[in-house]
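**Q** Below is a structure I'd like to ask you about.
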Amino acid sequence: GQQVMQIPQYQHVQEGEDFTTYCNSSTTLSNIQWYKQRPGGHPVFLIQLVKSGEVKKQKRLTFQFGEAKKNSSLHITATQTTDVGTYFCAGNNFGNEKLTFGTGTRLTIIP
Amino acid sequence: NAGVTQTPKFRILKIGQSMTLQCTQDMNHNYMYWYRQDPGMGLKLIYYSVGAGITDKGEVPNGYNVSRSTTEDFPLRLELAAPSQTSVYFCASSRTGLNSPLHFGNGTRLTVT
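Spelled out as structure tokens, the structure:
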């Protein structure tokens, strides 16, 4: 079945440093979504990418979808303490309603 | 709008007991999902539904049952609880199955001892 892996599993950064998490799928995806889960909370939708090579920005967050639609990345510039949490990517195979979640990257910030 | 509401928030079960986790949404979404999240891990799909009267298995359906008699409600039934079912359970809904964001409930933390 479809597998979605994320690296790294954990990332500790000093406040103000940049952070990147990478998402890799074993199959070609029709779209990729990104979610953020604060400690003790539930996943919250951040963004969706659909087109090959697509890049989208949300303030300090930059999301990319690979040309082959099998990988994606999330980059945070100048991290803040509010960025703490686990970031998940999630993707659909073509024609499949089931969203497969990645393994997640847990970000902690050192003040 | 309340969004997706899950009850209870916490529950402790003894091995072999049964319970139903409730999930209701007020967004008139067709698609609903049940995920489980083990400590420090990702989310695994248990069951999902594309509309009232239609359900299908996800990755980890064993030990669980669901029903979808209305658009709003999607309860998850645990029969003969086992320690391996200790987890946080999230219900989610989406307007359509593809290219549509998931809206999650706050989760139910279940411990089976």
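Protein chains in written order, with the numbering used here: chain A, 2 to 112; chain B, 560 to 672. We treat Cβ as the ideally placed atom computed from N, Cα and C, and that holds for glycine.
1. Give a yes or no on whether the C-beta atoms belonging to Gln10 (chain A) and Ser27 (chain A) are separated by under 7 Å.
2. Against chain B, which members of the stretch 71-98 of chain A pass a CB distance test of less than 7 Å?
3. Give the interface partners of Val609 (chain B) over in chain A, defined as CB-CB distance under 9 Å, in chain order.
4. Just to confirm before moving on: does the CB-CB distance between Thr87 (chain A) and Arg107 (chain A) stay below 7 Å?
5. At 3 residues or longer, and completely inside the stretch 25-81 of chain A: list those beta strand (DSSP E) runs for me, N to C.
6. Which chain A residues are close to Phe663 (chain B), counting only those with a beta carbon under 8 Å from its beta carbon?
7. Which bits of chain B does Gln15 (chain A) rub up against, with CB to CB less than 7 Å?
8. For Thr109 (chain A), which of helix, strand or coil comes out of DSSP?
9. At the level of alpha carbons, what is the spacing between Trp35 (chain A) and Gly575 (chain B)?
10. Could one say the Cβ of Pro660 (chain B) lies closer than 7 Å to chain A's Cβ atoms, at least one of them?
**A** Quick look at the numbers:
1. Taking the first residue of the first sequence as 1, we reach residue 10 (chain A) at position 9. Taking the first residue of the first sequence as 1, we reach residue 27 (chain A) at position 26. Not in contact: Gln10 (chain A) and Ser27 (chain A) (Cβ atoms no closer than 7 Å).
2. Listed by position along the chain: Phe89, Asn93 and Glu98.
3. Indexing the second sequence from 1 puts residue 609 (chain B) at position 50. Per Cβ cutoff of 9 Å: Glu98.
4. Locating residue 87 (chain A) in the first sequence gives position 86, counting from the first residue. Locating residue 107 (chain A) in the first sequence gives position 106, counting from the first residue. By the CB criterion at 7 Å, Thr87 (chain A) and Arg107 (chain A) fall inside the cutoff.
5. As far as the stretch 25-81 of chain A is concerned, its whole beta strand (DSSP E) runs of at least 3 residues are 32-38, 45-50, 56-59, 62-66 and 72-77.
6. Locating residue 663 (chain B) in the second sequence gives position 104, where the first residue counts as 1. For a Cβ distance threshold of 8 Å, residue set His43, Pro44 and Val45 of chain A lies close to Phe663 (chain B), ordered along the chain.
7. The sequence position of residue 15 (chain A) within the first sequence is 14, counting from 1. For Gln15 (chain A), no chain B residue has a C-beta closer than 7 Å to its own C-beta; the minimum C-beta separation is roughly 23 Å.
8. For the purposes of this step, residue 109 (chain A) is identified with residue 108 of the first sequence, where counting begins at 1. In the three-state scheme derived from DSSP, where H, G and I count as helix and E and B as strand, Thr109 (chain A) is classed as strand.
9. As a first step, residue 35 (chain A) is located in the first sequence; it is residue number 34 there, counting from the start. As a first step, residue 575 (chain B) is located in the second sequence; it is residue number 16 there, counting from the start. Those two C-alpha atoms are separated by around 37 Å.
10. Numbered from its first residue, the second sequence carries residue 660 (chain B) at position 101. The C-beta of Pro660 (chain B) comes closer than 7 Å to at least one C-beta of chain A.
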